[in-house]
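Participant: Position one of the sequence shown corresponds to residue 15 (our numbering), numbered consecutively onward. I have a structure I would like to understand better, so I am pasting it below and will then ask my questions one at a time.
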Amino acid sequence: MPADGHLHHRHRHGPEAAAGDRRLALAVAVNLLLTLLQIAGGVIAGSLALVADAVHNLSDALSLAIALLARRITRWPAHHGMTFGYGRAELVAALVNLTTLVAIGLYLVAEALVRLVAPPPIDGWMVVWVAAVALAVDLATALLTHRLARTSVNVRAAFLHNVADALGSLAVIVAGAAALLWQLAIVDPLVTLLIAGYILVHAGRDTVPVVRMLMGGTPAEIELAHIEQDLLAIPGVRGVHHLHVWALAEHELSLEAHIVIPEVSPARMEAIKAEAKRMLRERWGIAHTTLEMEFEGEVSACEEYRLVAPH
15 MPADGHLHHR HRHGPEAAAG DRRLALAVAV NLLLTLLQIA GGVIAGSLAL
65 VADAVHNLSD ALSLAIALLA RRITRWPAHH GMTFGYGRAE LVAALVNLTT
115 LVAIGLYLVA EALVRLVAPP PIDGWMVVWV AAVALAVDLA TALLTHRLAR
165 TSVNVRAAFL HNVADALGSL AVIVAGAAAL LWQLAIVDPL VTLLIAGYIL
215 VHAGRDTVPV VRMLMGGTPA EIELAHIEQD LLAIPGVRGV HHLHVWALAE
265 HELSLEAHIV IPEVSPARME AIKAEAKRML RERWGIAHTT LEMEFEGEVS
315 ACEEYRLVAP H
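As structure tokens, then:
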């Protein structure tokens, strides 16, 4: 592996990255304007569902802003104090966004339950018009982020949130229509509960893999037993132990392992190591590998900590 393999990340620079940043910045601005409009409309109309959608849009604006900041931080060069660079900045940003979403979702549930007991009157026309504008802006924001979403999980999450916001705006329009046609104010807190439920379900689901990566856990798509089998299939490999795989960043995996081989020449040992690295890179997408070669019969200090256990 090149000597600087741990000192650089595969984030694109130049005009393409700058154009992506501008799209995200514009999406942030559009969502902030929409949030102000929805909050004002919700207060005037007395619609908690509209305010709930506004808060969700605000979280989207903040999420996009944090994603934009994280994109820029990940481009900072590695140095002796941060030898792996700043690739995990996007994971930290994702955890901040998800934690905030959980808090928002719980708050909306509490407020909606209060309004279910005593639903206040709402201005149906105000709710419908503001939600219609929100729907248009949500779709515009989704278009702004769609291209970036194809290559970035972080941005794709924000894109999906915007699509969900569009559905939320449709739900708010339904609540306003119910107030206009049938004077059913109770539909408003019910819609709020649906929006809050969506936030909590998706935030809870997305938090698990982010925490897993930040804790250095084995990525969910990686099967250590299968990697061990692939290594053992390489001619000359007699055993594998002390096997670890973790995420350096969102799209960068790292592996370390001890490889047991018979006593061979230095050239043959290097050939086995090169074949193992090639296999791990091509079959598993793991470019950062640290392999310690051991001869059969050597006493390994970490043999007792064998981590590839039978299931």
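Every residue gets a Cβ at the ideal spot worked out from N, C-alpha and C, and that includes glycine.
1. Given this structure, state the Cα-to-Cα distance separating V177 from L115, to the nearest angstrom.
2. Compare the beta carbon distance of D35 and L82 with 9 Å and say whether it is the shorter of the two.
3. Using DSSP with H/G/I as helix, E/B as strand and the rest coil, what is V322?
4. Whole angstroms is fine: what's the gap from A191's alpha carbon to P233's?
5. If you follow the beta strand (DSSP E) that V259 is part of, which residue opens it and which one closes it?
6. Going straight from the alpha carbon of W298 to that of E237, what length do you get?
7. Should the stretch 197 to 212 be called in touch with the stretch 107 to 125, which here means at least 3 C-beta pairs below 8 Å?
8. For F309, count the other beta carbons within 10 Å of its own beta carbon; 16 or more makes it buried, fewer makes it exposed. Which is it?
9. Mapping the DSSP letters down to three states, classify E235 as helix, strand or coil.
10. For E284, does the count of other Cβ atoms within 10 angstroms reach 16, so buried, or fall short, so exposed?
11. Once the 5 residues before and after A33 are set aside, which same chain residues still bring their CB inside 6 Å of it?
12. Check whether chain B comes within 9 Å of H160, counting only Cβ atoms and requiring the distance to be less than that.
13. My understanding is that N168 touches E104, with C-beta atoms under 8 Å, so please give their C-beta distance in whole angstroms.
14. Roughly how many angstroms separate the alpha carbons of Y319 and I87, rounded to a whole number?
Facilitator: Taking the definition as stated:
1. Counting from 1 along the sequence shown, the entry for residue 177 is found at position 163. Counting from 1 along the sequence shown, the entry for residue 115 is found at position 101. Straight through space, the alpha carbons of L115 and V177 are spaced by roughly 16 Å.
2. Against the sequence shown, residue 35 aligns to sequence position 21. Against the sequence shown, residue 82 aligns to sequence position 68. Contact check for D35 against L82 passes: the beta carbons are separated by less than 9 Å.
3. Locating residue 322 in the sequence shown gives position 308, counting from the first residue. Low confidence applies here, because V322 scores a pLDDT of 45, under 50, leaving its location unreliable; read the following figure in that light. Correct three-state label for V322: coil.
4. As a working mapping, residue 191 is identified with position 177 in the sequence shown. As a working mapping, residue 233 is identified with position 219 in the sequence shown. Going from the Cα of A191 to the Cα of P233 covers about 46 Å.
5. Position 245 of the sequence shown, counted from the first residue, corresponds to residue 259. 253 to 263 is the span of the beta strand (DSSP E), which, as asked, contains V259.
6. Position 284 of the sequence shown, counted from the first residue, corresponds to residue 298. Position 223 of the sequence shown, counted from the first residue, corresponds to residue 237. Straight-line Cα distance between these residues: approximately 10 Å.
7. Yes: at least three Cβ pairs fall under 8 Å.
8. The residue you call residue 309 lines up with position 295 of the sequence shown. A residue is called buried when at least 16 other Cβ atoms come within 10 angstroms of its Cβ; F309 does not meet this threshold and is exposed.
9. As a working mapping, residue 235 is identified with position 221 in the sequence shown. In this structure, E235 counts as coil in the three-state DSSP scheme.
10. Reading the sequence shown from its first residue, position 270 is the one you call residue 284. Exposed.
11. Within the sequence shown, numbered from 1, the residue matching residue 33 stands at position 19. Counting only Cβ-Cβ distances below 6 Å, and skipping sequence neighbours, we find nothing.
12. Annotation note: the requested chain B is absent from the structure, which comprises a single protein chain.
13. Along the sequence shown, read from residue 1 onward, the residue named residue 168 stands at position 154. Along the sequence shown, read from residue 1 onward, the residue named residue 104 stands at position 90. A Cβ-Cβ separation of about 5 Å places N168 in contact with E104 under the 8 Å criterion.
14. What you label residue 319 is simply residue 305 of the sequence shown in a count that begins at 1. What you label residue 87 is simply residue 73 of the sequence shown in a count that begins at 1. The pLDDT assigned to Y319 is 41, lower than 50, so where the model puts this residue is not dependable, and the model offers no usable value.
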